[in-house]
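Novice:
In this note's numbering, the protein residues as written are 7 to 104.
(1) Output the distance between the C-alpha atoms of residue 6 and residue 63, rounded to the nearest integer angstrom.
(2) Have a look at residue 24 and residue 65 and give me their C-alpha separation to the nearest angstrom.
(3) Helix, strand or coil, according to DSSP, for residue 9 in the structure here?
(4) Whole angstroms are fine: how far does the CA of residue 55 sit from the CA of residue 44?
(5) Nearest-angstrom Cα distance between residue 7 and residue 16?
(6) Rounded to whole angstroms, how far is the Cβ of residue 74 from the Cβ of residue 68, which I believe are closer than 8 Å?
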């Protein structure tokens, strides 16, 4: 097989792989966007769920990085941690030792 033909075939195969990768990435982004829409709908219907999610994000951030986060008191007040913990306790999912 002539080298020029091999090169052309190789470039065509690479282009097909790149095309497939872009199509798969686009499909994944659509699925992720749909999940975000579903989550936003759920949070809109349940402010308590949104508060719990915000608290979980803060917890996960400090747990993974071992960092300290300073939160303005107005933000803490808006999250209503006492109410959120009450919801968690009522649901029976409070971690042991908490």
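C-beta atoms are modelled at their ideal positions from N, C-alpha and C, and glycine is treated no differently.
Specialist: Result, derived from the coordinates:
(1) Any question about residue 6 goes unanswered here, given that the chain covers just 7 to 104.
(2) 39 Å
(3) helix
(4) 13 Å
(5) 13 Å
(6) 7 Å
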